[in-house]
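Below is one structure, written out as structure tokens; the observations come after it.
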Amino acid sequence: MAEWIDACAADDVEEEDVIRFDHGDRTFVIVRDHQDNYYCTDGLCTHEDVHLENGLVVEATIECPKHSSIFDCATGEVETPPACENLRTYPTKVENGRVLVAL
Amino acid sequence: MPRDYDLTGGYARRALDAGLVTEDWYKTPIDRKQMKALMKRADQPAIRDTLILFGLMAVFAGAAIALMPSWWSVPFWLAYGVLYGSAMDSRWHECGHGTAFKTRWMNQLVYQVACFCMMRDPWCWKYSHARHHSDTIIVGRDPEIAIMRPVVTLKLAANLMGLVDVPDGLRRMVVHASGRMLPDEETYVEAVFYPKTYRTARIWLAIYALTGLAALLFQSWIPLLLIGLPRMYGCWHMVMTGWLQHGGLDDNALDHRLNSRTVYMNPVSRFIYWNMNYHVEHHMFPLVPYYRLPELHAVCAHDFPAPSRSIPQAYAEMLPVLWRQRRDPDFHLRRPLPDGAHPYQKGPRASAA
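Going down the list, the protein sequences come from chains A and B. Residue numbering for the first sequence is 1203 to 1305, as defined by the numbering used here. Residue numbering for the second sequence is 10 to 362, as defined by the numbering used here.
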């Protein structure tokens, strides 16, 4: 059973932006879209392991800062290559101003 | 020592062993808010530029056809050729990055047209360029190194008329049309896209065959001057600006300030080239669209070597280095950094000097 982990304060992430979240030996990103929905995905692009923390968030998508692969943050699905493999996503919720992620 | 640029050769392994196949490139620190603003996409600049580009192509081609067979048609063909054989290179580039337009289908549409004009398969070159950004001027890894060492001047000069690129493009097209990939392409293109590459090559070959047939039927050069040949007679501007991107600079370095060059250019060249003269900036932050590169340049200036002030000045700096690299492949230029800039990062971070 996945454990809910406190990742960050909701305000730590600006609208249509992303921050890095490391837990144990794993790395993730927390994304906030244009409608204040929060998502957690694996931190590394599935194309060449570039970290997505410097990527571009547009609505609920994130674009890899190196090769412009675009992923749907809700499903992790690749919308634009060069990545071919979907990004892994994790259930995310906001409680009392904190972003919680089920890992 | 001479380098082996074969992507399947020994230098590919060597680059991997040396820790040069990595994302650990130097980046000038920029405030996230500022970077977000710089990465912001818009449709308007690229729509304007695209309308101007295709409008000018139509006008120049129309004037050239109307003036045929007079010699007065020549300047119009040359102008049309530069837009076809050079401006389409930058459109291929920007739309391939997906940064030119905010709307994705617009990037895709212009990308497909530009790929056809430049004889570059859309999928192969998407992945080739991704590799160029991952491993910029890393020998044995980067498929887009325009100037190899030792420098062969005749080969470089021949490419001013596309005499290297066009036969290579046609050869690849024929191989793809026969349902095969080349060994170098297999090292960087995802196999799932091979069938699309084969289909594209067959469609393009059919278009070129029809163009040749039209030329024969009408006993006229016009179809060939409109489609295909401009990739040769109009590519000189692309080659001229392209050499400046990395020519004479370092290789096997993990810092774009060492292997890329920013050059101030006149407005016409910048229109044709879509601001890729800000090349260090583009490589360091590839999500910044072409119309925001001058702004990014200003933000990074304190950390970058001084840009070349003009195309002639950049050539005055680069040509003597290339001349020497004919006999001394290790020789290259290292430009001083401004006071207070972060030091160059030649190798992987752990061993950075």
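Glycine included, each C-beta is placed from N, C-alpha and C at the ideal position.
Beta-carbon to beta-carbon, E1261 (chain A) and R1234 (chain A) are separated by about 11 Å, too far to satisfy the 8 Å threshold. The contact set of K135 (chain B) on chain A, defined by CB atoms closer than 8 Å, consists of P1283 and P1284 in chain order. In chain order, L1258 make up the part of chain A whose C-beta sits under 7 Å from the C-beta of M48 (chain B). Residue burial annotation: I61 (chain B) is exposed, with fewer than 16 other C-beta atoms found within 10 angstroms of its C-beta. Counting every other CB atom within 10 Å of its CB across the protein chains shown gives D312 (chain B) a total of 16 or more, marking it as buried. When CB distances to chain A are screened at a threshold of 7 Å, the residues of the segment 197 to 219 of chain B falling below it are E199 and V201, in chain order. Around K164 (chain B), no beta-carbon contact reaches into chain A at under 8 Å, the shortest distance being about 29 Å.
Here H291 (chain B) carries a helix assignment [DSSP, helix/strand/coil].
Excluding five sequence positions before and after W245 (chain B), the CB atoms of its chain that fall closer than 6 Å to its own CB belong to L169, given in chain order.
Taking 8 Å as the cut-off, the beta carbon of G1278 (chain A) is found closer than this to the beta carbon of T1291 (chain A).
Annotation for V198 (chain B): no alpha helix (DSSP H) segment contains it, and DSSP assigns it neither H nor E. Bounds of the beta strand (DSSP E) holding C1210 (chain A) are W1206 to A1211. Counting the other CB atoms within 10 Å of its CB gives A1304 (chain A) a total below 16, which places it among the exposed residues. In the DSSP assignment, I1264 (chain A) falls within the unbroken beta strand (DSSP E) covering T1263 to E1265. Not flagged as an interface residue toward chain A: A224 (chain B), since no C-beta distance is shorter than 8 Å. For D1274 (chain A), the closest of A:E1255, A:E1205, A:D1251 and A:N1288 by C-alpha to C-alpha distance is A:N1288. Shown here for A70 (chain B): same chain residues with a beta carbon closer than 7 Å to its own, the five before and five after excluded, namely Y89 and L235 in chain order. Sequence-distant partners of C126 (chain B) (beyond 5 residues in either direction) whose C-beta falls short of 6 Å from its own C-beta, in its chain, are Y93 and M97. At least one CB atom of chain B sits nearer than 8 Å to the CB of D1251 (chain A). Note that the C-beta distance between P78 (chain B) and Y300 (chain B) is not below 8 Å.
In this structure, the CA atom of H185 (chain B) is about 5 Å from the CA atom of Y207 (chain B). Shown in chain order are the members of the segment 141 to 154 of chain B whose Cβ falls below 8 Å from a Cβ of chain A: H142 and S143. The beta carbon of G221 (chain B) is closer than 6 Å to none in its chain, skipping five residues each way along the sequence. R50 (chain B) and F110 (chain B) have their C-alpha atoms roughly 7 Å apart. Under the 10 Å beta carbon count, A67 (chain B) is surrounded by fewer than 16 other beta carbons and is classified as exposed. Using a Cβ distance threshold of 8 Å, H341 (chain B) and G251 (chain B) do not count as a contacting pair. Three or more Cβ pairs drawn from the segment 284 to 297 of chain B and the segment 102 to 116 of chain B lie within less than 8 Å of each other, which places the two stretches in contact. Residue-level contact check: E32 (chain B) touches chain A, since one or more beta carbons of chain A fall below 8 Å from its beta carbon.
H1269 (chain A) belongs to the set of residues whose beta carbon lies under 8 Å from a beta carbon in chain B. In the DSSP secondary-structure assignment, F1273 (chain A) is bridged to A:I1264 and A:V1280. Using beta-carbon distances, D1227 (chain A) does not count as an interface residue toward chain B, since no partner is under 8 Å. Chain A places no beta carbon closer than 8 Å to that of H185 (chain B), leaving this residue out of the contacts.
In the three-state scheme derived from DSSP, where H, G and I count as helix and E and B as strand, K1295 (chain A) is classed as strand. Taking a beta-carbon distance threshold of 8 Å, D1244 (chain A) does not count as an interface residue toward chain B.
Between the alpha carbons of L191 (chain B) and V1296 (chain A) lies a gap of roughly 51 Å.
Annotation: A1212 (chain A) to V1220 (chain A) spans about 11 Å, alpha carbon to alpha carbon.
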